[in-house]
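Residue numbering for the sequence shown follows full-length UniProt numbering, starting at 1 and increasing by one per position. Every residue gets a Cβ at the ideal spot worked out from N, C-alpha and C, and that includes glycine. Structure first, then comments.
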Amino acid sequence: MQDLLTEIADTVGRSEERGKLADYIPELAKIDPGHFAISVATADGSLFSAGDARIPFSIQSISKVFVLALALGRVGEALWKRVGREPSGQAFNSILLLEREKGIPRNPFINAGALVAADTLLGAAAPGEALSALLRFIRSAADQDDIHINEAVASSELDTADRNFALAHYMRSYGNLENSPDRVLGTYCHQCAIEMTCEQLALAGRFLLDTGEMPHLVSRERKRRINSLMMTCGQYDGSGDFAFRVGLPAKSGVGGGILVIAPGRGAISVWSPGLNSYGNSKLGTEAMEAFTRKIGWSVFG
Ligand code: GLN
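Given below as structure tokens:
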């Protein structure tokens with residue numbers, strides 16, 4: 001395993017064509033696009049890494065996986081009255097289908113759906129309490145305390161969140177947001193600004209494995225469902241292509257991270273800040289393709 005990760009970091013990780021930084025969030029445009037890291041936390045408790053696996057990065061939309069798990073814990077199946085379970089075939093921040101579908105977002109991983117999940121997580125609590133619960137969940141999944149929110153990224157994102165505010169107002173007009181857009185966006189931008197290292201993310205991802213000595217934070221059925229949603233919706237309108245190339249459930253973020261789950265085997269995380277046209281890590285996707293091709297892990301046997 002170690003040799004494979006080192007080889008991937010030395011080949012894919014050094015590619016010249018590295019994709020484009022997410023410059024619509026000014027703070028993310030400052031990151032060095034030369035970074036690359038890959039980590040694997042196996043079901044039997046081992047951890048392997050190569051590259052910059054101990055440098056924290058902004059997890060961005062990967063936070064949607066943790067928030068979904070917590071929101072389901074809070075309201076259970078009632079969440080599915082407010083958000084769907086179908087891929088959208090649209091960009092992560094698209095408003096297009098919200099009008100046709102009367103303020104019900106297609107799935108919890110596009111921005112509109114994640115705002116509903118954040119609203120659910122909030123309930124009647126203060127944003128600070130909801131964010132503390134989220135950090136507690138992630139820290140216990142990773143079994144690491146040193147995981148924090150980067151306030152500069154959160155406020156940079158909040159300053160430029162016009163589209164996300166538009167989504168929130170639009171859904172609220174259909175009665176699909178309990179809290180004010182200000183409260184929901186304050187929570188959402190902070191959840192996206194959580195920073196983790198590649199190692200921490202792989203360790204935290206083990207909560208979605210169903211075997212081994214894993215942190216048992218959610219039920220088996222919920223793990224199966226969250227993994228299914230990651231497979232079908234985790235890379236937005238690039239989900240089909242990612243499934244074709246990699247064959248494992250995964251969730252990306254515009255910070256350039258991808259969390260990938262190989263059921264029964266382990267959790268993998270990759271980080272390279274440059275993005276492809278779908279807003280997913282370009283080299284991260286290529287690295288995962290190389291990884292699964294070599295190691296043969298797949299949900300398809
Ligand atoms: N915070 C980002 C946004 O709302 C998250 C998007 C992403 O990571 N795909 O635009």
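- DSSP places glycine 51 in no alpha helix (DSSP H) but in the uninterrupted beta strand (DSSP E) bounded by 47-51.
- Distance between serine 277 and isoleucine 95, taken at the CA atoms: about 18 Å.
- In this structure, the ligand GLN has no non-hydrogen atom nearer than 8 Å to the beta-carbon of arginine 183.
- At a cut-off of 8 Å, the beta-carbon of phenylalanine 242 does not count as near the ligand GLN: no heavy atom of the ligand is closer than that.
- Non-local C-beta neighbours of leucine 275 in its own chain, meaning closer than 8 Å and more than five positions away in sequence, comprise Gly19, Lys20, Leu21, Ala22, Val254, Gly256, Ser281 and Lys282, ordered along the chain.
- Residue burial annotation: serine 132 is exposed, with fewer than 16 other C-beta atoms found within 10 angstroms of its C-beta.
- Pairing glycine 73 with methionine 230, the inter-Cα distance amounts to about 18 Å.
- Placement of the Cβ of serine 277 at a distance of 8 Å or more from every heavy atom of the ligand GLN is found.
- DSSP, reduced to helix, strand and coil, places leucine 259 within a strand of the structure shown.
- Burial of glutamate 199 is indicated by the presence of at least 16 other C-beta atoms within 10 angstroms of its C-beta.
- Remark: the shortest separation between the CB of cysteine 192 and any heavy atom of the ligand GLN falls under 8 Å.
- With a contact defined as Cβ atoms closer than 8 Å, valine 270 and alanine 37 qualify at about 7 Å.
- Note that the C-beta distance between alanine 202 and leucine 259 is below 9 Å.
- In the structure shown, glycine 266 adopts extended strand secondary structure according to DSSP, grouped into three states.
- With a beta-carbon spacing of about 25 Å, aspartate 237 and lysine 223 fall beyond the 8 Å limit used to define contacts.
- With respect to the 9 Å criterion, glycine 123 and isoleucine 104 are not classified as neighbours on the basis of their beta carbons.
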